[in-house]
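Each step along the sequence shown adds one to the number in numbering that gives the first Met the number 0, with nothing skipped, and position 76 is 75.
In this text, a Cβ means the ideal position worked out from N, Cα and C, and glycines have one as well.
Shown next, in structure tokens, is the structure this report addresses.
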Amino acid sequence: MRIRTRLLILVLSVLVPSFIAAALAVSYVYREEQKSQAQSVGEATRAFALMVDNELQARTAVLRTLASSPSLHGGDLRAFYEHARRMAPAWDTAIVLADLEGRQLVNTRRPFGASLPTRRSSNVGDLMRRGGPAGTYVSDLFMAPIGKIYDYTVQVPVLVDGALRYHLLLGVSVATLQELVERQHFRNEWIATIVDRQGVVLARSRTPERFVGKPMRTSSRELLKRSREGVYDSRTLDGIDVRAFYSTVPM
0 MRIRTRLLIL VLSVLVPSFI AAALAVSYVY REEQKSQAQS VGEATRAFAL MVDNELQART
60 AVLRTLASSP SLHGGDLRAF YEHARRMAPA WDTAIVLADL EGRQLVNTRR PFGASLPTRR
120 SSNVGDLMRR GGPAGTYVSD LFMAPIGKIY DYTVQVPVLV DGALRYHLLL GVSVATLQEL
180 VERQHFRNEW IATIVDRQGV VLARSRTPER FVGKPMRTSS RELLKRSREG VYDSRTLDGI
240 DVRAFYSTVP M
């Protein structure tokens, strides 16, 4: 064997293990960075879900305060209406008092005594059939018959003398959730989306005007129904391949 060949073998015997070690080190660092990034995005997703939950809890607190109104317990619905109007003066919220059959008695989007819907527009009735009439519920997206805007509803029971007498609802435009998304200033390469139980888009950090009110892909909807949080590979409604992190809002 020639000296040149021996030297080449010697050099390769030194360099090849070094290359392998370097490749393994790069692979390890890459995996660790991916793991760290996934953990970071997962925590951000969970934190945002809790932020949405805080928003819903605040709405619920308003309703519970109103549910103890003396005018409501005294049966003075006109006085209650005036009080409720002061609590929800903007177009993006409506306070509704309904009887146990879902007929509206008061709606702050209409003058007192005006004609009002006689049945529920949201899926709160379905939720009550599963959880009972005295629970607190958050509806899925629906088109509000008064105002013709996309709303979701928070509902609490109203007890008078210990008996369930009414349901008090807060209809909230999904535009308020869009504002919540935009205040977070998510990174440009992220697409943050809030969906309801049916996988219908309520708010979105990118081009919401195209997708609010539209359902997610069927595979994504089925996955979100099976588990409360996780990560999976998917494609967005606008055709972008993504790694999707999700977390369920507690309410």
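For residue i and residue j, what's the separation of their Cα atoms in angstroms?
i, j, result
"residue 188", "residue 171", "29 Å"
"residue 131", "residue 163", "11 Å"
"residue 242", "residue 52", "24 Å"
"residue 109", "residue 63", "22 Å"
"residue 90", "residue 80", "16 Å"
"residue 101", "residue 38", "44 Å"
"residue 177", "residue 143", "17 Å"
"residue 83", "residue 41", "39 Å"
"residue 236", "residue 47", "21 Å"
"residue 94", "residue 66", "11 Å"
"residue 113", "residue 85", "18 Å"
Please state the DSSP three-state secondary structure of residue i.
i, result
"residue 167", "strand"
"residue 160", "coil"
"residue 202", "strand"
"residue 172", "strand"
"residue 125", "helix"
"residue 63", "helix"
"residue 84", "helix"
"residue 52", "helix"
"residue 235", "coil"
"residue 92", "strand"
Return the bridge partner residues of residue i from the DSSP annotation.
i, result
"residue 103", "97"
"residue 193", "202"
"residue 229", "245"
"residue 153", "137 and 169"
"residue 214", "199"
"residue 142", "149"
Assuming residue i contacts residue j (C-beta within less than 8 Å), just tell me the rounded distance between them.
i, j, result
"residue 139", "residue 200", "Not quite, the Cβ-Cβ distance comes to about 11 Å (not below 8 Å), so this is no contact."
"residue 98", "residue 165", "6 Å"
Looking at residue i and the ligand GTP, is the gap between the Cβ and the nearest heavy atom below 7 Å?
i, result
"residue 181", "This structure lacks the ligand GTP, and indeed carries no ligand of any kind."
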